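Remarks on the structure that follows.
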Amino acid sequence: MICKNCGAGEQTSNFCNKCGAGMKNDAAPSGNNLYSSTTPAPTPVSPGNSFSIGAILCGAISLLFFPIVLGPVGLVLAAVAKSKNEKNAVIGFVVAGVGMLVGMFFGAMFAGY
Ligand SMILES: [Zn+2]
Numbered sequence: 000m001i002c003k004n005c006g007a008g009e010q011t012s013n014f015c016n017k018c019g020a021g022m023k024n025d026a027a028p029s030g031n032n033l034y035s036s037t038t039p040a041p042t043p044v045s046p047g048n049s050f051s052i053g054a055i056l057c058g059a060i061s062l063l064f065f066p067i068v069l070g071p072v073g074l075v076l077a078a079v080a081k082s083k084n085e086k087n088a089v090i091g092f093v094v095a096g097v098g099m100l101v102g103m104f105f106g107a108m109f110a111g112y
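Each residue of the sequence shown is one higher than the one before, starting from 0 at the first, in numbering that gives the first Met the number 0.
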């Protein structure tokens, strides 16, 4: 049978030789309806915070390192977070923006400009 997870063909054991996914569930063709009815429902569409957290991390790091790079990255992540209606998107924006500006300010001071 063919691995549903990675598509590797002709697996002979109960687990995929390539990715280790279990092979039992896609065994019998007649079990297709049963299988699909017992498939776990897709995760509910509740806004996460992963992009917001990324933005906040980028902002925090850009206070110390590479504000010219990490600041815009943080802002982009915050924008993505905003587009996904993440709760902390605004915080991400603020932290990334402040991190970038303050990081640039300190960077300029230390550089002697
Ligand atoms: Zn596989």
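The beta-carbon is built from N, C-alpha and C at its ideal position, and this holds for glycine as well.
Just so you know, these numbers come straight off a predicted model, no measurement behind them.
Sorted by chain position, residues whose beta-carbon lies closer than 5 Å to a non-hydrogen atom of ligand 1 are C2, N4, C5, A7, C15, K17, C18, A20. One Cα belongs to K81, the other to F109, and the distance between them is close to 33 Å.
Pairing A20 with L62, the inter-Cα distance amounts to about 42 Å. Each residue's CA atom was taken as its position, placing K86 and A7 some 39 Å apart. The beta carbon of L76 is closer than 8 Å to those of F50, S51, G53, A54, C57, G91, A95 in its chain, skipping five residues each way along the sequence. For G47, there is no enclosing alpha helix (DSSP H), as DSSP marks it with neither H nor E.
Shown here, F14 sits in a strand according to DSSP, grouped into three states. The three-state reading of DSSP puts G21 in strand, counting E and B together. At least 8 Å separates the beta-carbon of G98 from that of P71.
In this structure, the CA atom of G73 is about 17 Å from the CA atom of F104. Annotated three-state conformation of A7 is coil, per DSSP.
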